[in-house]
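*Asks:* I'd like to ask you about the structure that follows.
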Amino acid sequence: MQNSGLWSKYWDALLATVLSAFALYLLTKHSGIGISPDSVEYITTAENIRQHGRMADFTGLLLVLFPAGYPCLLAAMQFITGLSVMAFAPVLNSLLFGGVLFATATIINGLEKTATWYRSLFLLALVLSRCMLQAYSMLWSETVFVLLILVFIIQAQRYLQQKTWRSLLLLSLITAITLVTRYAGVVLLAVGSILMLADETLGRKKKIQHLLVFNLTGASLLAANLIRNHFVSQSFTGIRERAERGLWDNLLDIGNTFGSWLPFMKGYEKAMAVLFIIVVLLALTVVVYRILQQQFFRSYEMVLSLFFLVYALFMVTIATVSRFEELNSRLLLPLYIPMLLLLTGWFIPAVQSAFGIKKIILCALMFFLYASFQWYQYRQNANAWEDIKDAGIPGYTEDSWTQSETIDYIRKHKQELGSLVYANANDAIYFLTGMRADILPHKDIQKEIEEFFSYPSFCVVMFTDGDNPDLVSIDFIQRHKKLLWQKSFEDGAIYYFSN
Numbered sequence: 002m003q004n005s006g007l008w009s010k011y012w013d014a015l016l017a018t019v020l021s022a023f024a025l026y027l028l029t030k031h032s033g034i035g036i037s038p039d040s041v042e043y044i045t046t047a048e049n050i051r052q053h054g055r056m057a058d059f060t061g062l063l064l065v066l067f068p069a070g071y072p073c074l075l076a077a078m079q080f081i082t083g084l085s086v087m088a089f090a091p092v093l094n095s096l097l098f099g100g101v102l103f104a105t106a107t108i109i110n111g112l113e114k115t116a117t118w119y120r121s122l123f124l125l126a127l128v129l130s131r132c133m134l135q136a137y138s139m140l141w142s143e144t145v146f147v148l149l150i151l152v153f154i155i156q157a158q159r160y161l162q163q164k165t166w167r168s169l170l171l172l173s174l175i176t177a178i179t180l181v182t183r184y185a186g187v188v189l190l191a192v193g194s195i196l197m198l199a200d201e202t203l204g205r206k207k208k209i210q211h212l213l214v215f216n217l218t219g220a221s222l223l224a225a226n227l228i229r230n231h232f233v234s235q236s237f238t239g240i241r242e243r244a245e246r247g248l249w250d251n252l253l254d255i256g257n258t259f260g261s262w263l264p265f266m267k268g269y270e271k272a273m274a275v276l277f278i279i280v281v282l283l284a285l286t287v288v289v290y291r292i293l294q295q296q297f298f299r300s301y302e303m304v305l306s307l308f309f310l311v312y313a314l315f316m317v318t319i320a321t322v323s324r325f326e327e328l329n330s331r332l333l334l335p336l337y338i339p340m341l342l343l344l345t346g347w348f349i350p351a352v353q354s355a356f357g358i359k360k361i362i363l364c365a366l367m368f369f370l371y372a373s374f375q376w377y378q379y380r381q382n383a384n385a386w387e388d389i390k391d392a393g394i395p396g397y398t399e400d401s402w403t404q405s406e407t408i409d410y411i412r413k414h415k416q417e418l419g420s421l422v423y424a425n426a427n428d429a430i431y432f433l434t435g436m437r438a439d440i441l442p443h444k445d446i447q448k449e450i451e452e453f454f455s456y457p458s459f460c461v462v463m464f465t466d467g468d469n470p471d472l473v474s475i476d477f478i479q480r481h482k483k484l485l486w487q488k489s490f491e492d493g494a495i496y497y498f499s500n
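Numbering follows the numbering used here, in which position 346 of the sequence shown is assigned residue number 347; successive positions increment by one, without gaps.
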């Protein structure tokens, strides 16, 4: 009977897992898992951990910019399987995506108003989601991060129900692992602390004890990571430049991302930025209401709303004060599932409470919205597939990189280039040729520029697809050094400079 109960709760999650694994197999069939600059950092750090016990990347520099959790996971998988990261990564990501689907099913099963049809349709939407398939076809730490967040949400709700030391310690452990996977995981400390502070059934003494245990245990691995970072580099999280984009610019980036997630909205960044603000206010309303009405406090709806609120505000704030890539689908992916649950949560009570013609109209409306959403996702995937099936996933395993003329020349003439090579995509050179190169200096960091020009001669590789406006340009270098020779290719060029 127990197995029958589990099957009724998770049969659609199992089916969705099989479908998602098949989809990832098709996406990675041509050229393997997708590789970005961050992926090269993860792979090389994992290899150094396994081979030398040293947390350093391909340049020999100790890893500081990213936390240690994901590279350590990859190193452990290498040790267990005996395979390279590139060999086991598609299988690992399929398992992680399956974990996300089962965790989502668990959350939906625990909602105050739930239904099997809603769960099944929701999971099918995740399987076809372009942003989910894109993330899980890449070697990114977000693949683990999203799963850990969902597991945190599940355990946080169980803690609110049980309030035992066992449930607290498990919640703290999940938080600790999440924080050392992505620095943005620090929001979970805020989410957990707010839940404990707002829970009126916790006595004052027990509340203080639980807060101390949760925060000290939850922050322990990250604290150790940050202390190590400062010890080896005099920096906690690497060099972080000041932001150049304001609050409204970041809201437009979020609007652009939300517009790519939802049908009918692409190109309407301002409208979607307003919708994002509305969803944030909706989440805030739910949080405040459930704190005031404690009988509704210990629920998944409360935890989901609070997480969405805190993570959204954190990302907008950090992007406004610190410079990094725009708030794209990858960075906002942890909001995707909570957002869909918040936007569609009214479906179930609306259908269950309606009768007659009203129920027919509601069902017709939901069918239209769901069909539009799935058709939109199908078109997104079909357009992406046209390129992926013949050229591979965008990134360093794509044909445009693996068959690059510039890369081919470097493979055949490593000695000719000399021992000091700079590039605007040095990670691509190492990943595709095994040759070490340094990144060009950032044009806003004078110390890097001074060190760069202190060398009497060096080689510079510029890839067309690796263009980075934050780095010094060839014109800038030519104002300080003499160009001795140059070789140009369809996808880049190689320059040799000297005094």
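C-beta atoms are modelled at their ideal positions from N, C-alpha and C, and glycine is treated no differently.
As the structure is a prediction and not an experimental result, all values here were calculated from the model.
Which runs of the beta strand (DSSP E) spanning at least 3 residues fall entirely within the region 390-441, listed in chain order?
*Replies:* Segments of the beta strand (DSSP E) lying fully in the region 390-441: 422-424.
*Asks:* Are the CB atoms of residue 189 and residue 197 within a distance shorter than 8 Å?
*Replies:* For this step, residue 197 is matched to residue 196 along the sequence shown. For this step, residue 189 is matched to residue 188 along the sequence shown. Contact flag unset, no.
*Asks:* Assign residue 347 to one of three DSSP states: helix, strand, or coil.
*Replies:* In the sequence shown, the residue the question calls residue 347 occupies position 346. Of the three classes helix, strand and coil, the one that applies to residue 347 here is coil, per DSSP.
*Asks:* Near residue 103, what residues of its chain come up, given a Cβ to Cβ distance below 6 Å and the 5 sequence neighbours on each side ignored?
*Replies:* Here residue 103 is taken as the residue at index 102 of the sequence shown, counted from 1. Same-chain partners within the cutoff: 14.
*Asks:* Measure the Cβ-Cβ separation of residue 424 and residue 473 and say whether it is below 8 Å.
*Replies:* Here residue 424 corresponds to residue number 423 of the sequence shown, with the count starting at 1. Here residue 473 corresponds to residue number 472 of the sequence shown, with the count starting at 1. No, they are not a contact pair.
*Asks:* Would you mind sorting residue 390 into buried or exposed? The rule is 16 or more other CB atoms within 10 Å of its CB.
*Replies:* Taking the sequence shown and counting its residues from 1, one reaches residue 390 at position 389. It counts as exposed.
*Asks:* In angstroms with no decimal places, state the Cα-to-Cα distance between residue 208 and residue 116.
*Replies:* By one-based count along the sequence shown, residue 208 stands at place 207. By one-based count along the sequence shown, residue 116 stands at place 115. Distance between the alpha carbons of residue 208 and residue 116: 35 Å.
*Asks:* If you draw a straight line from the C-alpha of residue 2 to the C-alpha of residue 11, how long is it?
*Replies:* The residue given as residue 2 occupies position 1 in the sequence shown. The residue given as residue 11 occupies position 10 in the sequence shown. Since pLDDT at residue 2 reaches only 46, below the 50 mark, its modelled position is unreliable, and no value is offered.
*Asks:* Using three-state DSSP, classify residue 296 as helix, strand or coil.
*Replies:* Position 295 of the sequence shown, counted from the first residue, corresponds to residue 296. Residue state, collapsed to three classes: helix.
*Asks:* Determine the direct distance from the alpha carbon of residue 402 to that of residue 503, and round the result to whole angstroms.
*Replies:* Since the first and last residues shown for the chain are 2 and 500, residue 503 lies out of range.
*Asks:* Check residue 459 in the structure and name its three-state DSSP category.
*Replies:* For the purposes of this step, residue 459 is taken as the residue at position 458 of the sequence shown. Looking at residue 459 - three-state DSSP - the assignment turns out to be strand.
*Asks:* For residue 323, list the residues DSSP reports as bridge partners.
*Replies:* Counting from one through the sequence shown, the residue named residue 323 turns up at place 322. According to DSSP, which records beta bridges pairwise, residue 323 is partnered with 243.
*Asks:* I'd like to confirm the pairing. Which residues does DSSP put opposite residue 483 in its beta bridges?
*Replies:* One-based indexing of the sequence shown puts residue 483 at position 482. DSSP lists 499 as partners of residue 483.
*Asks:* Taking residue 238 as the reference, which of 183, 428, 387, 454 has the closest Cα?
*Replies:* Within the sequence shown, residue 238 is the residue found at index 237, counting from 1. Of 183, 428, 387, 454, the residue nearest in Cα terms is 183.
*Asks:* Near residue 487, what residues of its chain come up, given a Cβ to Cβ distance below 8 Å and the 5 sequence neighbours on each side ignored?
*Replies:* The residue given as residue 487 occupies position 486 in the sequence shown. Once the five neighbours on either side are set aside, the close Cβ partners of residue 487 are 494, 495, 496, 497.
*Asks:* Whose CA, out of 499, 450, 337, lies closest to the CA of residue 126?
*Replies:* Start at 1 with the first residue of the sequence shown, and residue 126 comes out as number 125. Of 499, 450, 337, the residue nearest in Cα terms is 337.
*Asks:* Please identify the residue among 437, 249, 465, 223 whose C-alpha is closest to the C-alpha of residue 175.
*Replies:* Residue 175 sits at position 174 when you count from the first residue of the sequence shown. Residue 223 is the option with its Cα nearest to residue 175.
*Asks:* With a threshold of 16 other CB atoms inside 10 Å of the CB of residue 485, please say whether the residue is buried or exposed.
*Replies:* Position 484 of the sequence shown holds residue 485. Residue 485 is exposed by the Cβ-count criterion.
*Asks:* Using a Cβ-Cβ cutoff of less than 7 Å, which residues in the same chain neighbour residue 481 once the five nearest sequence positions on both sides are dropped?
*Replies:* What you label residue 481 is simply residue 480 of the sequence shown in a count that begins at 1. 454, listed in sequence order.
*Asks:* Measure the C-alpha to C-alpha separation of residue 235 and residue 58 and round it to an integer number of angstroms.
*Replies:* Here residue 235 refers to the residue found at position 234 of the sequence shown. Here residue 58 refers to the residue found at position 57 of the sequence shown. If I take the Cα positions, the gap works out to 18 Å.
*Asks:* For residue 112 versus residue 301, is the C-beta spacing smaller than 8 Å?
*Replies:* Taking the sequence shown and counting its residues from 1, one reaches residue 112 at position 111. Taking the sequence shown and counting its residues from 1, one reaches residue 301 at position 300. Taking 8 Å as the Cβ cut-off, residue 112 and residue 301 qualify as a contacting pair.
*Asks:* What is the rounded straight-line gap between the Cα of residue 121 and the Cα of residue 109?
*Replies:* Locating residue 121 in the sequence shown gives position 120, where the first residue counts as 1. Locating residue 109 in the sequence shown gives position 108, where the first residue counts as 1. Near 10 Å, if we compare the C-alpha coordinates of residue 109 and residue 121.
*Asks:* Candidates 437, 373, 333: which alpha carbon is nearest residue 185's?
*Replies:* Here residue 185 corresponds to residue number 184 of the sequence shown, with the count starting at 1. The candidate whose alpha carbon is nearest that of residue 185 is 333.
*Asks:* How many Å lie between residue 399 and residue 256 at the Cα?
*Replies:* The residue given as residue 399 occupies position 398 in the sequence shown. The residue given as residue 256 occupies position 255 in the sequence shown. When rounded, the distance between both Cα atoms is 29 Å.
*Asks:* How long is the line joining the alpha carbons of residue 231 and residue 292, rounded to whole angstroms?
*Replies:* Position 230 of the sequence shown, counted from the start, is the residue given in the question as residue 231. Position 291 of the sequence shown, counted from the start, is the residue given in the question as residue 292. In a straight line, the C-alpha of residue 231 is about 39 Å away from that of residue 292.
*Asks:* Could you tell me whether the region 131-142 touches the region 38-54, where touching means 3 or more Cβ pairs closer than 8 Å?
*Replies:* Output reads yes: the region 38-54 touches the region 131-142.
*Asks:* Looking only at C-alpha atoms, which of 446, 297, 469, 259 sits nearest to residue 272?
*Replies:* Residue 272 sits at position 271 when you count from the first residue of the sequence shown. Among 446, 297, 469, 259, the Cα nearest to that of residue 272 is on 259.
*Asks:* Tell me the rounded alpha-carbon separation between residue 98 and residue 133.
*Replies:* On the sequence shown, position 97 is the one that residue 98 refers to. On the sequence shown, position 132 is the one that residue 133 refers to. For residue 98 and residue 133, the distance between alpha carbons rounds to 8 Å.
*Asks:* Roughly how many angstroms lie between the CA atoms of residue 72 and residue 47, to the nearest whole one?
*Replies:* For the purposes of this step, residue 72 is taken as residue 71 along the sequence shown, with counting starting at 1. For the purposes of this step, residue 47 is taken as residue 46 along the sequence shown, with counting starting at 1. Cα to Cα, the separation comes out at about 5 Å.
*Asks:* To the nearest angstrom, report how far apart residue 326 and residue 447 are at their CA atoms.
*Replies:* As a working mapping, residue 326 is identified with position 325 in the sequence shown. As a working mapping, residue 447 is identified with position 446 in the sequence shown. Each residue's alpha carbon lies about 21 Å from the other.
*Asks:* Answer yes or no: do residue 458 and residue 499 have a C-beta to C-beta separation smaller than 8 Å?
*Replies:* Numbered from 1 along the sequence shown, position 457 holds the residue referred to as residue 458. Numbered from 1 along the sequence shown, position 498 holds the residue referred to as residue 499. In contact: residue 458 and residue 499 (Cβ atoms closer than 8 Å).
*Asks:* Write down the C-beta distance between residue 181 and residue 69 rounded to the nearest angstrom, noting that I regard them as a contact closer than 8 Å.
*Replies:* Residue numbering aside, residue 181 sits at position 180 when the sequence shown is read from its first letter. Residue numbering aside, residue 69 sits at position 68 when the sequence shown is read from its first letter. Sure, about 6 Å apart at Cβ, within 8 Å.
*Asks:* Just to confirm, are residue 350 and residue 114 a CB contact at a threshold of 8 Å?
*Replies:* For the purposes of this step, residue 350 is taken as the residue at position 349 of the sequence shown. For the purposes of this step, residue 114 is taken as the residue at position 113 of the sequence shown. Going by C-beta atoms, residue 350 is nearer than 8 Å to residue 114.
*Asks:* Helix, strand or coil: how does DSSP classify residue 266 here?
*Replies:* Taking the first residue of the sequence shown as position 1, residue 266 is located at position 265. Correct three-state label for residue 266: coil.
*Asks:* Apply the 10 Å Cβ neighbour rule to residue 84 and answer buried if 16 or more other Cβ atoms are within range, or exposed otherwise.
*Replies:* Start at 1 with the first residue of the sequence shown, and residue 84 comes out as number 83. Per the 10 Å Cβ criterion, exposed.
*Asks:* Give me whichever residues DSSP pairs with residue 503 in a beta bridge.
*Replies:* Shown here, the chain extends from 2 to 500; a query on residue 503 therefore has no answer.
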